[in-house]
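For the sequence shown, our numbering begins at -3 and goes up steadily by one. Built from N, CA and C at the ideal position, the CB exists for glycine as well.
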Amino acid sequence: MLKILLPTIMLLPTALLSPQKLLWTNTTTHSLLIAAISLHWLLPTYYPHKNLTQWMSTDQISSSLLVLSCWLLPLMILASQNHLQHEPLIRKRTFITTLITVQPLLLLAFSATELMLFYITFEATLIPTLILITRWGSQPERLSAGIYLLFYTLISSLPLLVTILYLHTHIGTLHLTMLKLSHPTLTTSWTDLLLSLALLMAFMVKAPLYGLHLWLPKAHVEAPIAGSMLLAALLLKLGGYGIMRLTLLIGPLPSHLHYPFLTLALWGALMTSSICLRQTDLKSLIAYSSVSHMGLVIAASILQTHWSFSGAMILMISHGLTSSMLFCLANTTYERTHSRILLLTRGLQPLLPLMATWWLLANLTNMALPPTTNLMAELTIMIALFNWSALTIILTGIATLLTASYTLFMLLMTQRGTLPTHITSLQNSSTREHLLMTLHITPLLLLILKPEMISGIPL
């Protein structure tokens, strides 16, 4: 664990002390090396806890998420180079250090074996994202977006803190390995129902459940590209990971806790997909699509079966890479046309033909075409849900249909059609952007060859 954490922390002096000419190259290469070293976590094992220290351990659920959070830091640094070009050096350094501070916090959150440490790091990831959105966002509305993000997360996570303290006083320990040995304390009385609700609520807001999702499109639209990638790919996964971790602890969920969350998640997947069809703003369309995908993850992780857990794991990883890639693509068009409105950025395929290829690939993975892990995950989740109740097939079926339709709508609106008259000349796509897209799409296409690595089931 430390061989990843210490180099990550040493990235901070690298970013602060590198000379101006080498600032981007140093941080990018260093973080790519860290990402390469972190790949060894993906080796599947029988052991429930690998690398066990007193506070941290990796197991099948957390290892793939840990690798994902290591993998995304160099990509975020690569993606932000263009819009920081004209900023003074000190601001570039501040931006890169803000990005770097998120990574150790995320690594701690995904590998914590102690609930209090998990809570602290879960909340601490909020601070750098808030700085990114409110300082480097593109419009004055970024302040209200930051306030939305802050208050939604804080109000939902205070009951979680109270419940964690309550569990500590009753059991005497918050260590995950010890909690598995003790009897499940939450039974069927009203207080315990409220407590398990409080445990779930913070993660439901973070993952966004439909109805608690209003902060997400706001934050995504206002955030800079690195902030969007961070939010979509990693911070939403904290919610799903927390649900999977803590529902296992409180024993089988009371059945009347199942129903509202499952219905909201599935209905929300349907609703947000249909909202996507009416969007004019490219970034907000991608944000709503990630709400609908995370709805499936929530529904699966509340069921608590092996199938649904592995489906939720695979969907979290593949959605992280896909939506991050879509945000990068949206950013490349935004940097050229300075507009996110779909009507003003249409018909770009003849101008940027190679970018159109990336658009096609990203959209096909987003709508879960066969040789991708997205399809495997969605099928697994649908089978698990269908096994729980046959009626869910109606909701999930309509949701997949709508997903395919809004994805194709997005592809056609951005790439096809007549070119708007105000676009006279665009700068060419750079090698940096192609490298960025390649690093997003290759893991997605390779993972289908060995999906056990991310499925969260020990071999």
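Query raised in the report: Taking the DSSP output, what are the residues bridged to Thr341?
Result: The partner list for Thr341 (beta bridge, DSSP) is empty, contrary to what the question assumes.
Requested in this report: Compute the Euclidean distance between the alpha carbons of Pro15 and Ala75, then round it to the nearest angstrom.
Outcome: Each residue's alpha carbon lies about 20 angstroms from the other.
Query raised in the report: Nearest to Met449 by alpha carbon, out of Leu347, Ser306 and Thr90?
Result: That would be Ser306, whose Cα lies nearest to the Cα of Met449.
Requested in this report: Could you tell me the distance, in whole angstroms, from the CA atom of Leu340 to the CA atom of Leu170?
Outcome: Taking the straight line joining both Cα atoms gives about 53 angstroms.
Report task. Tell me whether the beta-carbon of Leu29 lies closer than 8 angstroms to the beta-carbon of Ser60. Result -> In this structure, Ser60 does not lie closer than 8 angstroms to Leu29 by Cβ.
Query raised in the report: Is the closest heavy atom of the ligand SAM to the C-beta of Leu435 under 7 angstroms?
Result: The model on display carries no ligand, and the ligand SAM is accordingly not part of it.
Query - Interface flag, Ser152 vs chain B, CB-CB below 8 angstroms - result: Any reference to chain B falls outside this structure, which holds one protein chain only.
Query raised in the report: In this structure, does DSSP put Met52 in helix, strand or coil?
Result: The three-state reading of DSSP puts Met52 in strand, counting E and B together.
**Report entry** Per DSSP, the bridge partner or partners of Lys46
**Finding:** As computed with DSSP, Lys46 is found in a beta bridge with Thr54.
Requested in this report: Pull up the distance between the alpha-carbon of Leu457 and that of Ala11, whole angstroms please.
Outcome: For residue 457 there is no data in the structure shown, the boundaries of the chain being -3 and 455.
Query raised in the report: Using the C-alpha atoms, what's the distance from Trp132 back to Leu365?
Result: In a straight line, the C-alpha of Leu365 is about 35 angstroms away from that of Trp132.
Query raised in the report: Where does Ser251 land, buried or exposed, given buried means 16+ other C-beta within 10 angstroms?
Result: Result: exposed.
**Report entry** Distance, Lys233 Cα to Leu262 Cα
**Finding:** Rounded to whole angstroms, Leu262 to Lys233 spans 18 angstroms at the Cα level.
Query raised in the report: Can you tell me the Cα-Cα spacing of Tyr148 and Met312, whole angstroms?
Result: Approximately 22 angstroms between the Cα atoms of the pair.
Query raised in the report: So, helix, strand or coil for Leu455, using DSSP?
Result: Caution applies to Leu455, whose pLDDT of 42 falls short of 50 and renders its modelled position unreliable; the model cannot decide the point.
**Report entry** Three-state secondary structure (DSSP) of Glu137
**Finding:** In the three-state DSSP reduction, Glu137 falls in the coil class, being neither helix nor strand.
Requested in this report: Below 6 angstroms CB to CB, which residues in the same chain sit around Ser58 once its five sequence neighbours on both sides are set aside?
Outcome: Residues of the same chain with a CB within less than 6 angstroms of the CB of Ser58, apart from the 5 flanking positions on each side, are Phe106 and Ser107 in chain order.
**Report entry** Continuous alpha helix (DSSP H) assignments of at least 4 residues falling wholly in the region 180 to 229
**Finding:** If we require 4 residues or more, the alpha helix (DSSP H) runs fully inside the region 180 to 229 come out as 186 to 202, 211 to 218 and 221 to 226.
Report task. For the alpha helix (DSSP H) holding Pro346, just list the boundary residues, first then last. Result -> Annotation for Pro346: no alpha helix (DSSP H) segment contains it, and DSSP assigns it neither H nor E.
**Report entry** Sequence-distant residues of its chain with Cβ nearer than 7 angstroms to Val201 (five each side left out)
**Finding:** Correct list, in chain order: Tyr148, Thr149, Ser152 and Leu208.
Query - Where Glu110 sits in the DSSP three-state scheme - result: Glu110 sits in a strand when the DSSP states are folded into three classes.
Query raised in the report: Would you call the region 402 to 411 and the region 346 to 355 in contact, with 3 or more CB pairs under 8 angstroms?
Result: They touch, by the three-pair rule.
Query - C-beta contact flag for Leu68 and Met225 at 8 angstroms - result: Taking C-beta atoms as the reference points, Leu68 and Met225 count as a pair closer than 8 angstroms.
**Report entry** Helix, strand or coil at His334 [DSSP, three-state]
**Finding:** Annotated three-state conformation of His334 is coil, per DSSP.
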